[in-house]
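Undergrad: The listed protein sequences derive, respectively, from chains Z and W. Going by the working numbering, the first residue of the first sequence is number -18, and it counts up by one from there. Going by the working numbering, the first residue of the second sequence is number 322, and it counts up by one from there. Here a beta-carbon is modelled for each residue, glycine too, at the ideal position from N, C-alpha and C. Note that the structure is predicted; figures quoted are calculated from it, not measured.
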Amino acid sequence: MGPLHGYAIAARLEQVSRGALVANMGTLYPGLMRLEQRGLIRASWGVTENQRKARFYSITAAGKRMLASEKRDWERMVSIIQALFAEPS
Amino acid sequence: MMFREVIAVLREWCYRLRETIWPRSRDSELRAELAHHLELAEEDLRRRGYSPADAARLARARCGQSENVIERLREQRSVPWFGIFTLDVKLGLRKLRQSLGLTLIGGLAMSVSFGIILTVFMYFDVIVWSDSVPLEDGDQIVAIQIWDPENSRRSETAFEDFERWRTELRSLEEIGAFRTVERRMVHADGQIERVSVAAVSAAGFRVARVAPVLGRTLVEEDERAGAEPVVVIGYDQWQTQFNGDNAVLGRALRLNDTFHTIVGVMPPDFGFPINHRLWIPLLSDSPGLLPAPPAGAVFARLKTDVTLAGAQAELSAAGLLSSGFNSEQSEPLRPTVVRYAANFINDTSPDDLAGQAWQARLIIFFVSFLLIPPCANIALLVYARTVTRQEEIAVRTALGASRGRIVLQLFIEMLVLSTLAAGVALAGVRIVLVFVRRALARELERLPFWLDFDLSPEMIAFAAILAVVATLVIGLFPALKATASFARPGLGALDHRNRKQLGPMWTMLVVAQVAFSFAALPSAIEFGWGVLREAVLGPGFEAGRYLTAQLSFDVDGATRSLETDPQIAAQFNDARSALIRQLEADPRVTTRVTTATAVPGGGAWTRVRAEEAPESSPQPEEPGLRFGPSLVRSVRVDDRYFEAFDIPILTGRAFQAGEYGATSAAVIVSATFAQTVFGGANPLGRRLRYIPPPGQTASQSDAGPWYEIVGVVADRPANPYRGSIFHPAAQNEIYPASIGFRVGSDSAGLREKLRDTAALDPALRVARVQTLEELYDEQATGNYIGGFALIVGGLSVLLLSAAGTYALMAFTVNQRRREIGIRMALGARPRKLLAGIFRRALRQVSIGAALGVAVALLIQVYLPADRVGGLDVPGVLPCAVALMVAVGLIAAFGPARRTLSVDPTNVLREGG
């Protein structure tokens, strides 16, 4: 998946989560700005397929590393919790 | 948190900080982005079958309001609270500019207190708390000190012990030693200069870990008996004596009669072991003892991972080879490992070093109480001012500001003031340091290389802590008190009946403040004048025509001294007599050359008591002694002293020929001594004796012999701080010796001759060759600094008192504005109105003034200034009272004018 603008990111989140995650602008844009400030994503102005000017966000190398690390941590946490719940009573 | 995350968060905050300090407006960009977002959302909804109007409404509801998002993005771009803090600081600066009186008075008073506290802090920081010397791993450098517990002093070290430790101790490395020796350095042009040279082990340079800029340092081979004499020179020596010539290595430097080959040049500011500039090897065949610090010491480095306690344990086990050189002692000598710098500061028992550091902290704690008087006053002023801002605060509260927010803003206002005051204090300390450095350049040159009296990061951090503590007193406390009624928020606080009262605590504070000012000002003036008079009025005679010098004698070996060895004393006297003969033969010397322990205006301070007058009461408190102790300069003089310095005898007689000896009971006193001790009474025939300094007690029997006054001489200089006592002495009994004589012309040429003549004798040492005028100028600098400190302190007391009075009056006017308006509307006459309004405030100030004057009178009677280091100034009390009243009236002028300018119409409208 290449660079996406804000609305596309929100739509994608909603779609992937099957409507469970609806990110309004007040949540989405401060979050994107924080990631940008931390150097995990970068933003640049471009043109959409409808020839409209929009700001596109893409993940940086640091962002990919951080994502991988977060993913690992999350999976580890999930496996621990699952192990705890799977313990026979 | 992982390292990567930490870096990411740091990056975010750097970005935010940059945006806060240099904001770039990105709002238009963000608006465009959000608009695009909304348009896409609407299109999406329209595609799902919503009408355009519904799609637009629903999109806004689901995506949120653009303006709110913009606001949140602004927050994300900046440091939270920073903007508010900056605004508060700006507001604080504006308010301080509006209340210029409070700013100047409060700021000055706080700066004086800060300055005193910071100076004490700097002293302890440099002398007591410093664990390290400014060399690589300086905290690992130690000294082995031999502590003599019986005499509470540092003792000499036996050379054999030093050699043994060097081979046996495992917890220390690079163990070395040094002793300072005096040498005559002979320059190429034949000029002779006295220099202090460090005879030091080669290990010393490895302990310091400083490389030479040229050549090499000393090595072990140089220490062997019969090795070629070598010397390492300092950078300054290299620059001044050898013009920085790179070919200096291999050249010879003559010290006494030995030619030393120069093998190295050390970098600038290198002074190890203490402040040396020349280093020669400490020869391994050196005899006997290494002198006690600071003239000599054993030093080393702690090995890695070895603690001071660990090294001490090993040293205690090794002990001393022989307690032989002090075998009569009941308590044995104790070798101790101490931090290097601690070895050279006074005779403090190693066990007491930690205690001393804590004692210093305690002193700082108590000295910090000096902040209380100015802070309490400023707190009062701030409280009074905050209450006058009640309307402003009430409106802000009604608009939603919490009490905490208002208190924080008032706190920041005062933090600005405290920070400014701390900054001024730091700058003041720095300026005073420049003056002190200039005045004491000669003394400072002799200070150890690690003592650097200057602003340090620790001192700046301490100033910041003091500023915050002061702000808690002057900002937080009044703000909490003044906003206490805002528990009932809203515009109800604007109700004029809801007025604050100046509580008894504040009133007491003002009364105490005024009382203190009245009580302290006369004494401050007397002390200030005592310190400054000599410098301001000048010596009163042609001090530039008298040339003086100090003579001393080089004595080799630790056990021989001029005082105890008659042979050395005889050599010194021969050398001195030869010098005097040479000088007197010179036609430019117009008097005989006198010898004394000090020149006029110089000499050590001591304390005497005079015997009661015969006609006084038969039962004095202390039998035989009527007068309190007096501080005097005591000088032993030869038979030419009064003639050489043209000091006329005012009453009585000069010393007679038979009186010049150690056992003579006759003394001559100066006019100032006669005046301060005996008042107008005739001092001739009266007796006096020396008393031990405070803290030491002496029974009547060992208080010292009685001396009888046989004459009174004029004061030299004319306006001395204290009187002088002169004892007759034979020339060869006077040591330490200063010489002096009158010069007809060409004092510069005579100085050269004096130095050159003295240099002919290898052991005779001449120092401080200067005219009396130069001596007095040097002393005056110190006096000016002391006087300046007293003037600033006195001024701040005066200003604070005025500020207290002003605050009280201003508060009264503000509280009674409505009443004033009504009374003016009813036609009250201004004078009567003022009297009515200020009656209570004036009564409080008057009570304070009366109390203060009473205390000042008691001080004048029971603790006269001239007994405790000041100078009696006639009429000082009425003058001080007049000054205080004038200052009080000026302080009251502003509020009084404000009273009369109250517009009844406005006041009544406000009250409606």
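#1: Have a look at the DSSP bridge pairing and note the partners of residue 970 of chain W.
#2: Determine whether the beta carbon atoms of residue 1121 of chain W and residue 430 of chain W lie at a separation below 9 angstroms.
#3: Start and end of the beta strand (DSSP E) containing residue 469 of chain W?
#4: What is the rounded straight-line gap between the Cα of residue 333 of chain W and the Cα of residue 55 of chain Z?
#5: Give a yes or no on whether the minimum CB-CB distance between residue 21 of chain Z and chain W is below 9 angstroms.
#6: Determine the direct distance from the alpha carbon of residue 847 of chain W to that of residue 835 of chain W, and round the result to whole angstroms.
#7: Starting from the beta carbon of residue 86 of chain Z, find every residue of chain W whose beta carbon is closer than 8 angstroms, and list them in chain order.
#8: By the 7 angstroms beta-carbon criterion, what residues does the segment 361 to 381 of chain W contribute toward chain Z?
#9: Name, please, each residue of chain W whose Cβ falls closer than 7 angstroms to the Cβ of residue 58 of chain Z.
#10: Going by C-alpha distance, which of W:976, W:1062, W:1143 is nearest residue 919 of chain W?
#11: Helix, strand or coil for residue 21 of chain Z? Go by DSSP, reduced to three states.
#12: For the alpha helix (DSSP H) that residue 371 of chain W lies in, which residues bound it at each end?
#13: Consider the Cβ of residue 404 of chain W: report whether some Cβ of chain Z lies at a distance smaller than 9 angstroms.
#14: Does residue 600 of chain W come out as helix, strand or coil in the three-state DSSP assignment?
#15: Should residue 587 of chain W go down as buried or exposed, given a rule of 16 or more other Cβ atoms within 10 Å for buried?
#16: Answer yes or no: does any C-beta atom of chain W fall closer than 9 angstroms to that of residue -17 of chain Z?
#17: For residue 566 of chain W, is the classification buried or exposed, using 16 other Cβ atoms within 10 angstroms of its Cβ as the cut-off for buried?
#18: Nearest chain Z C-beta to residue 384 of chain W closer than 9 angstroms, yes or no?
#19: Hey, does residue 346 of chain W have any beta-carbon neighbour from chain Z nearer than 9 angstroms?
#20: DSSP state of residue 614 of chain W, grouped into three classes?
#21: Which class does residue 981 of chain W belong to by DSSP, given the choice of helix, strand or coil?
#22: Strictly by DSSP, which residues pair up with residue 1054 of chain W?
#23: If you draw a straight line from the alpha carbon of residue -13 of chain Z to that of residue 433 of chain W, how long is it in whole angstroms?
#24: Tell me which same chain residues have a C-beta within less than 7 angstroms of the C-beta of residue 410 of chain W, skipping the five on either side of it?
#25: If you count every other CB in all the chains shown that lies within 10 Å of the CB of residue 335 of chain W, and 16 or more means buried, which is it?
#26: With DSSP as the reference, please indicate the residues paired to residue 1045 of chain W in a beta bridge.
#27: Write down the C-beta distance between residue 414 of chain W and residue 838 of chain W rounded to the nearest angstrom, noting that I regard them as a contact closer than 8 angstroms.
#28: For residue 499 of chain W, does the three-state DSSP call read helix, strand or coil?
#29: Check whether the segment 569 to 577 of chain W and the segment 622 to 641 of chain W are in contact - that is, three or more C-beta pairs closer than 8 angstroms.
#30: Name, in chain order, the residues that DSSP records as bridge partners for residue 1009 of chain W.
#31: What are the start and end residues of each continuous beta strand (DSSP E) run of 3 or more residues lying completely inside the segment -12 to 45 of chain Z, in chain order?
#32: Cutting at 6 angstroms between CB atoms, please list the residues of its own chain near residue 1123 of chain W, excluding the five before and the five after it.
#33: Using a threshold of 9 angstroms, state whether the C-beta atoms of residue 1079 of chain W and residue 900 of chain W are closer than that.
#34: Measuring only the C-alpha atoms, how far is residue 14 of chain Z from residue 394 of chain W?
#35: Please confirm whether residue 390 of chain W has its beta-carbon closer than 9 angstroms to some beta-carbon of chain Z.
#36: With distances taken between CB atoms, is the gap from residue 1028 of chain W to residue 988 of chain W smaller than 9 angstroms?
TA: A quick look at the data gives this:
#1: W:1034
#2: yes
#3: 462 to 469
#4: 23 angstroms
#5: yes
#6: 19 angstroms
#7: Since the displayed chain Z opens at -18 and closes at 70, residue 86 of chain Z lies outside it and no answer follows.
#8: 361, 362
#9: Correct list: empty, because the minimum Cβ distance to chain W is about 15 angstroms.
#10: W:1062
#11: coil
#12: That residue, residue 371 of chain W, is in no alpha helix (DSSP H); it is neither H nor E in DSSP.
#13: no
#14: strand
#15: buried
#16: no
#17: exposed
#18: yes
#19: no
#20: coil
#21: coil
#22: DSSP output for residue 1054 of chain W lists no bridge partner at all.
#23: 60 angstroms
#24: 733, 737
#25: exposed
#26: W:954
#27: Going by Cβ atoms, the distance from residue 414 of chain W to residue 838 of chain W rounds to 30 angstroms, so no, they are not a contact pair.
#28: strand
#29: no
#30: W:931, W:1028
#31: 22 to 28, 34 to 40
#32: 1208, 1212
#33: yes
#34: 8 angstroms
#35: yes
#36: yes
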